[in-house]
Amino acid sequence: MKRRLWWRSFWLHLFLTPLALLWLAPLWLMFVFSTHPEIAIFSTPTPVLPGNQFAVNLQSLQADTNFLRTLFNSIMVAGIYTILSIFLTSLAGYAFARFDFWGKGVVFSLVIATLTIPYFAVVIPQFILVAREAKTLLAILIGMAVFGGIAALLAWLKFSPTLGRLAWVGYGVAGLAYLVWGVPALREAITFDFRLTNTYWAVILPSLANSLGVFFMRQNFLSVPQSLLEAARIDGAGEFRIFFRIAVPLVLPAMAALAIILFLASWNDYLWPLLVLSDRAMQTAPVALGSLIGLTRVSWGGIMVGAVMTTLPFLILFLFLQRYFIAGITAGGVKD
Amino acid sequence: MKRSATPYLFLSPYLAIFALFWAWPILESLLLSFQNTRVSPPVWNLSVNWGRILGDAAFWDALRNTVLILVIQVPLMLALATVLAVALNSQLLRARGFFRFAFFAPVVVGAVAYSAVFRLLFNQNGAVNAALGTQLNWIFDPVGAMAVIIITLTWRWTGYNAIIILAGLQSIPKDIYEAAEIDGASPWQQFWRITVPSLRPVLLFCLVLSIIGTLQLFTEPWLITNGGPGTATTTLGVYLYRQGFQNINFGYASTIAYAITLLALVFSIIQLRLFGRES
Chain A
1 MKRRLWWRSF WLHLFLTPLA LLWLAPLWLM FVFSTHPEIA IFSTPTPVLP
51 GNQFAVNLQS LQADTNFLRT LFNSIMVAGI YTILSIFLTS LAGYAFARFD
101 FWGKGVVFSL VIATLTIPYF AVVIPQFILV AREAKTLLAI LIGMAVFGGI
151 AALLAWLKFS PTLGRLAWVG YGVAGLAYLV WGVPALREAI TFDFRLTNTY
201 WAVILPSLAN SLGVFFMRQN FLSVPQSLLE AARIDGAGEF RIFFRIAVPL
251 VLPAMAALAI ILFLASWNDY LWPLLVLSDR AMQTAPVALG SLIGLTRVSW
301 GGIMVGAVMT TLPFLILFLF LQRYFIAGIT AGGVKD
Chain B
337 MKRSATPYLF LSPYLAIFAL FWAWPILESL LLSFQNTRVS PPVWNLSVNW
387 GRILGDAAFW DALRNTVLIL VIQVPLMLAL ATVLAVALNS QLLRARGFFR
437 FAFFAPVVVG AVAYSAVFRL LFNQNGAVNA ALGTQLNWIF DPVGAMAVII
487 ITLTWRWTGY NAIIILAGLQ SIPKDIYEAA EIDGASPWQQ FWRITVPSLR
537 PVLLFCLVLS IIGTLQLFTE PWLITNGGPG TATTTLGVYL YRQGFQNINF
587 GYASTIAYAI TLLALVFSII QLRLFGRES
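Given below as C-alpha cells:
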C-alpha cells in the first residue's frame, strides 16, 4: 500500500514539475529580457540568465513614453477607483442584504443579469457618454429625474393592483418613447459640452458600475449576524452608524480581498483606457506600453522593463497575500 | 422591517452610476444599431447596419475565428485546469506552495505585459524557435498566429479556472472518497464517478465565463498579431474596435456588439438546455 502511494506521488511530480517550469518560463524570460540589449534577446542561444542592462532599457523606455508618469497615472486611477468602488458596492450590497424595500427584487435581478452581458454591448454608448457629447449625459440625467419622479409619485399614491399593472405598462411605453424621441430632442436642446476624455474620471466613472462587487458584498453582509445589527438599532444607533461602526468592520477581510482584485483589474485594464486616453501625459502604463508594441523602432528590452514594472509588484504581493487574491477570484465563482 | 427611505439612500449612489453607464448603454447600443451613423447627424435606418452585417465577409471571418478559438481553446483549458486542480488538491503533493505559485501567478499579469512577452517569445528569432530548433515564422503564418493566441490564452487563464475548480473540489465531502476507497474504486474511477459529476456546476460556471470572455477577445490578438496575417486572427472584438473606433462608425459597431450579445445569449440558452437549471 505504502509503495503504491510512493509511485503515485512520483508520477504526480513527474507530470507537474516540467509543466510548472514551462508555466514560469514566460515570466522568468520577461525578467531576463528586461536586463539585456535588444541584440541579445534575438540572438541564439536565447539568454536565460539576467544581464546588466536594466537601467539602460529603463532609460530608453522613459524616453519613448515618459513611463514613470504613466505609472503615476495608473496608481492614481486604480487607487481612486478602488476606494470609490468599495464604497459604492458595499453601500449597495448592504442595502440588498439588510433591507426590504419596494422594487428590490427587480433591481437586484437587473444588476445580476448584467454579469452575463458582454462588455461590448455597452462600450460604444459609454464612450459617447464620456468622450463625445456630454449633452447625452445631461439629457439622460434630466430624463432619469423626471421618470424617477413619476415612479416615486406612483409609489406614493399606493395604487390598486390592477391600476398598478396598467401604470407599469404606461410607464414602460413612456420610457421607450423618451428613449427614442425625448433623448435626441433634449440632446439638441442642451448646447454646452464638457468632455471627460483624457481625465482620470473618464476611466474611473463607467467602471464603478460593478455588479460582481455588489453581489460579493451582499453575500458577505448576509453572513453578518443580524441580531448584532438589531441590538445596535435597539440601542438607538442610526442606520449609517450601524453600517460604518458594526457591519463594515465585520466584513473587513472580505473587503480587502475585493479591494485587491478591483485594484488589479483597474491596473491591468487596457481597452477602455485606450479608448478614452489619447493624450500621452494622461495614459496609464498598459496603454503606453501597448502603443510601443506595434512600432518597429523601439527597444524590446525597454518594453520588457515596462512589463516587469507593471507585473513584479503584484507577483511579490501575490506571494504573500495569495489567500486574499484567491478569495477575491473565487468570490463570484463558488456558490455557498 | 420598517419601511423608510434609508435603503434608497444606501442604494442610490451605485444605482445612479449603474443606470447611467450600464442600463442606459444596453438600450442605447440597440438604438444605435438601427441608425446610420455615417451621416451627421445620425438618422434612423432600420436595415442599414443589420442588412450590411449579413453580407459582410469580414464579419463572418471574425465570427469564424472567434468560434474556432472557442471550440479549441476553451475545452483544452478547462480540461487542463481540472487536472491541475485535482493534482494541486492531492495529499501526495510536496512543495505545494511552489506549484500553486507557478500555475496561479499568471492571474496577476496584465494582458499587455504578457502579450508583449509572448509576441517576443514567438518571434522568428525568438526563444521558442531557439528551444525547438525550428525556423517557423509564427506570427506571420495563419495557423501559427492562431496557435500563438491559443497558447497565450491557455497560459493566462488555466490557473484562474483551476483556482475556481479547486474551491469547488474542496467543497466535496471527504467521506464520499473514503467510502469509494473502501469499495475498491481506483483513483481513475473516483475521478470520473465522483469528482467530475460533483464539479458540474463549477465547470459550467467556468464554461460560461470563458465563453463570454472569448466572445469579447480583443487585447491579445490586437497586440500579438494585430488580427493578422490578413484576417487570420481577427476576432469579433478586434473587428468591433476597427469598425467603431478606427472607422468611427458607431452604428455598425453597435450592430456587431449586439451580434456578440445575441451569441452569448444563444450559448447561455444551449447550456441551460444541456445542463439544466443548476447555475
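Quick mapping for you: the protein sequence lines, in order, are chains A and B.
Residue numbers are given in our numbering: position 63 of the first sequence equals residue 63, and the series is strictly consecutive.
Residue numbers are given in our numbering: position 156 of the second sequence equals residue 492, and the series is strictly consecutive.
In this text, a Cβ means the ideal position worked out from N, Cα and C, and glycines have one as well.
Fill in: CA-to-CA distance, serine 369 of chain B to tryptophan 386 of chain B, given in whole angstroms
Residue 386 of chain B sits at position 50 when you count from the first residue of the second sequence. Residue 369 of chain B sits at position 33 when you count from the first residue of the second sequence. Going by the C-alpha atoms only, they are around 7 Å apart.
Discussion item. Give me, in chain order, the residues of the same chain whose beta-carbon lies closer than 7 Å to that of glutamine 552 of chain B; leave out the 5 immediate sequence neighbours on both sides.
Written reply: Along the second sequence, read from residue 1 onward, the residue named residue 552 of chain B stands at position 216. Closer than 7 Å at Cβ, skipping near neighbours: Gly573, Ile596.
Worksheet entry | Span separating the alpha-carbon of valine 599 of chain B from that of isoleucine 389 of chain B | As a working note, residue 599 of chain B is residue 263 in the second sequence. As a working note, residue 389 of chain B is residue 53 in the second sequence. It is worth fixing the name first, because residue 599 of chain B is leucine in this sequence and not valine. Their backbone Cα atoms lie some 14 Å apart in a straight line.
Worksheet item: Who are the Cβ neighbours of glutamine 427 of chain B in its own chain at under 7 Å, not counting the five residues just before and after it?
Response: Counted from its first residue, the second sequence places residue 427 of chain B at position 91. Beyond the five residues adjoining it in sequence on each side, glutamine 427 of chain B comes within less than 7 Å, by CB distance, of no other residue in the same chain.
Discussion item. With DSSP as the reference, identify every bridge partner of valine 479 of chain B, one or two as the case may be.
Written reply: Mapped onto the second sequence, residue 479 of chain B falls at position 143. Beta-bridge pairing links valine 479 of chain B to no other residue.
Worksheet item: Helix, strand or coil for asparagine 583 of chain B per DSSP?
Response: For the purposes of this step, residue 583 of chain B is identified with residue 247 of the second sequence, where counting begins at 1. Coil, per DSSP.
Discussion item. Please report whether the beta-carbon of methionine 337 of chain B lies at a distance below 8 Å from any beta-carbon of chain A.
Written reply: The residue you call residue 337 of chain B lines up with position 1 of the second sequence. Residue confidence for methionine 337 of chain B is low, a pLDDT of 44 falling below 50, so the modelled location carries little weight and cannot support an answer.
Worksheet item: Which word fits proline 249 of chain A, buried or exposed, when buried means at least 16 other C-beta atoms lie within 10 angstroms of its C-beta?
Response: Position 249 of the first sequence holds residue 249 of chain A. With a threshold of 16 other beta carbon atoms within 10 Å, proline 249 of chain A falls short and is exposed.
Worksheet item: With a CB to CB cut of under 7 Å and the five nearest residues on each side skipped, what residues in its chain are close to glutamine 59 of chain A?
Response: Indexing the first sequence from 1 puts residue 59 of chain A at position 59. Here the set comprises nothing.
Worksheet item: With 16 other CB atoms within 10 Å as the buried threshold, where does arginine 218 of chain A fall?
Response: The residue given as residue 218 of chain A occupies position 218 in the first sequence. Label assigned to arginine 218 of chain A: buried.
Practice prompt. Could you tell me which of B:Ala423, B:Phe586, B:Leu429, B:Ala593 sits nearest to proline 377 of chain B, measuring between CA atoms?
Written response: In the second sequence, counting from the first residue as 1, residue 377 of chain B sits at position 41. The candidate whose alpha carbon is nearest that of proline 377 of chain B is B:Phe586.
Worksheet entry | Buried versus exposed call for arginine 241 of chain A [16 or more other C-beta atoms within 10 Å across all chains shown] | One-based indexing of the first sequence puts residue 241 of chain A at position 241. Residue burial is scored here from C-beta neighbours: arginine 241 of chain A has fewer than 16 other C-beta atoms within 10 angstroms and is therefore classed as exposed.
Worksheet item: On the premise that valine 183 of chain A lies in contact with isoleucine 140 of chain A, defined as a C-beta separation below 8 Å, what is that separation, rounded to the nearest angstrom?
Response: Mapped onto the first sequence, residue 140 of chain A falls at position 140. Mapped onto the first sequence, residue 183 of chain A falls at position 183. The beta-carbon distance between isoleucine 140 of chain A and valine 183 of chain A, rounded to whole angstroms, is 7 Å. This is short enough to meet the 8 Å contact definition.
Worksheet item: Excluding the five sequence neighbours on either side, which residues of its own chain have a C-beta within less than 8 Å of the C-beta of aspartate 269 of chain A, listed in chain order?
Response: Locating residue 269 of chain A in the first sequence gives position 269, counting from the first residue. So the qualifying residues of the chain are Val203, Ser207, Thr284, Pro286.
Worksheet item: Mind listing which residues of the stretch 267-287 of chain A have their C-beta closer than 9 Å to chain B's C-betas, in chain order?
Response: From the stretch 267-287 of chain A, only Trp267, Asn268, Asp269, Tyr270, Leu271, Leu274, Leu275, Ala285, Pro286, Val287 have a Cβ closer than 9 Å to chain B.
Worksheet item: Would you say arginine 536 of chain B reaches chain A, if we count a Cβ-Cβ gap shorter than 8 Å as a contact?
Response: In the second sequence, the residue the question calls residue 536 of chain B occupies position 200. Cβ-Cβ to chain A under 8 Å: no for arginine 536 of chain B.
Practice prompt. Starting from isoleucine 548 of chain B, find everything on chain A with Cβ-Cβ shorter than 8 Å and list it in chain order.
Written response: Stepping through the second sequence from its first residue, residue 548 of chain B is reached at position 212. What isoleucine 548 of chain B touches in chain A: Thr116, Pro118.
Item to complete: Indicate the three-state DSSP secondary structure (helix, strand or coil) for valine 180 of chain A in the structure shown.
Response: By 1-based counting over the first sequence, the position of residue 180 of chain A is 180. Collapsing the DSSP output to three states places valine 180 of chain A in a helix.
Worksheet item: On the three-state DSSP scale, how would you describe glutamine 371 of chain B?
Response: For the purposes of this step, residue 371 of chain B is identified with residue 35 of the second sequence, where counting begins at 1. Glutamine 371 of chain B: strand per DSSP, three-state reduction.
Discussion item. Give me, in chain order, the residues of the same chain whose beta-carbon lies closer than 7 Å to that of leucine 292 of chain A; leave out the 5 immediate sequence neighbours on both sides.
Written reply: Here residue 292 of chain A corresponds to residue number 292 of the first sequence, with the count starting at 1. Only Asp64, Thr65, Val298, Ile303 meet the Cβ criterion.
Worksheet item: By how many angstroms is the C-alpha of asparagine 562 of chain B removed from the C-alpha of isoleucine 343 of chain A?
Response: Only positions 1 to 336 of chain A appear in this structure, which leaves residue 343 of chain A out of reach.
Worksheet item: Does the pairing of the stretch 539-555 of chain B with the stretch 397-412 of chain B give three or more beta-carbon distances under 8 Å?
Response: The stretch 539-555 of chain B, when compared against the stretch 397-412 of chain B, does touch it at the 8 Å Cβ threshold.
Worksheet item: Considering phenylalanine 458 of chain B, what are the terminal residues of the alpha helix (DSSP H) in which it resides?
Response: Within the second sequence, numbered from 1, the residue matching residue 458 of chain B stands at position 122. Following the DSSP letters along the chain, one finds phenylalanine 458 of chain B in no alpha helix (DSSP H), marked with neither H nor E.
Worksheet item: Does the Cβ-Cβ distance between isoleucine 560 of chain B and arginine 455 of chain B come in under 8 Å?
Response: Translated into positions along the second sequence, residue 560 of chain B becomes position 224. Translated into positions along the second sequence, residue 455 of chain B becomes position 119. Cβ distance < 8 Å, so isoleucine 560 of chain B and arginine 455 of chain B count as in contact.
Worksheet item: Just the Cα atoms here: how many angstroms apart are tryptophan 356 of chain A and glutamate 514 of chain B?
Response: The structure shown does not extend to residue 356 of chain A, since chain A spans only 1 to 336, so no value can be given for it.
Item to complete: Measure the C-alpha to C-alpha separation of threonine 490 of chain B and tyrosine 94 of chain A and round it to an integer number of angstroms.
Response: Start at 1 with the first residue of the second sequence, and residue 490 of chain B comes out as number 154. Start at 1 with the first residue of the first sequence, and residue 94 of chain A comes out as number 94. Our two residues, threonine 490 of chain B and tyrosine 94 of chain A, have alpha carbons roughly 37 Å apart in a direct line.
Worksheet entry | Per-residue burial, proline 313 of chain A [other beta carbons within 10 Å of its own, 16 or more giving buried] | Within the first sequence, the letter at position 313 stands for residue 313 of chain A. With fewer than 16 Cβ atoms within 10 Å of its Cβ, proline 313 of chain A is classed as exposed.
Worksheet item: Taking only beta-carbon atoms, is glutamate 38 of chain A less than 8 Å away from chain B?
Response: The residue given as residue 38 of chain A occupies position 38 in the first sequence. Among the residues facing chain B, glutamate 38 of chain A is not included, as its CB has no counterpart in that chain under 8 Å away.
Discussion item. Is there a Cβ of chain A sitting closer than 8 Å to that of valine 403 of chain B, yes or no?
Written reply: On the second sequence, residue 403 of chain B is found 67 positions in, with the first residue counted as 1. No, no contact with chain A.
Discussion item. For the stretch 417-434 of chain B against the stretch 492-506 of chain B, do three or more pairs of beta-carbon atoms, one drawn from each stretch, fall closer than 8 Å, so that the two count as touching?
Written reply: They touch, by the three-pair rule.
Discussion item. Spatial neighbours of leucine 457 of chain B within its chain, please: C-beta separation below 6 Å, excluding the five flanking residues on both sides.
Written reply: For the purposes of this step, residue 457 of chain B is identified with residue 121 of the second sequence, where counting begins at 1. The answer, listed in chain order, is Ala463, Val464.
Practice prompt. Check each candidate in A:Leu277, A:Gln53, A:Leu271, A:Ser223 and name the one with the smallest Cα separation from glutamate 556 of chain B.
Written response: What you label residue 556 of chain B is simply residue 220 of the second sequence in a count that begins at 1. Check the Cα spacing between glutamate 556 of chain B and each of A:Leu277, A:Gln53, A:Leu271, A:Ser223: the tightest is with A:Leu271.
Worksheet item: Hey, is the stretch 316-331 of chain A in contact with the stretch 249-258 of chain A, meaning 3+ C-beta pairs nearer than 8 Å?
Response: Verdict: yes, contact present.
Worksheet item: Mapping DSSP to helix, strand and coil, what is serine 615 of chain B?
Response: Counted from its first residue, the second sequence places residue 615 of chain B at position 279. Low local confidence applies: a pLDDT of 45 at serine 615 of chain B is under 50, so the model's placement there is unreliable, and no value is given.
Worksheet entry | phenylalanine 96 of chain A and valine 214 of chain A closer than 8 Å at C-beta | Along the first sequence, read from residue 1 onward, the residue named residue 96 of chain A stands at position 96. Along the first sequence, read from residue 1 onward, the residue named residue 214 of chain A stands at position 214. If you check the CB distance, phenylalanine 96 of chain A and valine 214 of chain A come in under 8 Å.
Practice prompt. Please name the residue in B:Ser451, B:Gly469, B:Leu608 whose C-alpha comes closest to that of proline 45 of chain A.
Written response: Mapped onto the first sequence, residue 45 of chain A falls at position 45. Of the candidates B:Ser451, B:Gly469, B:Leu608, B:Gly469 places its Cα closest to the Cα of proline 45 of chain A.
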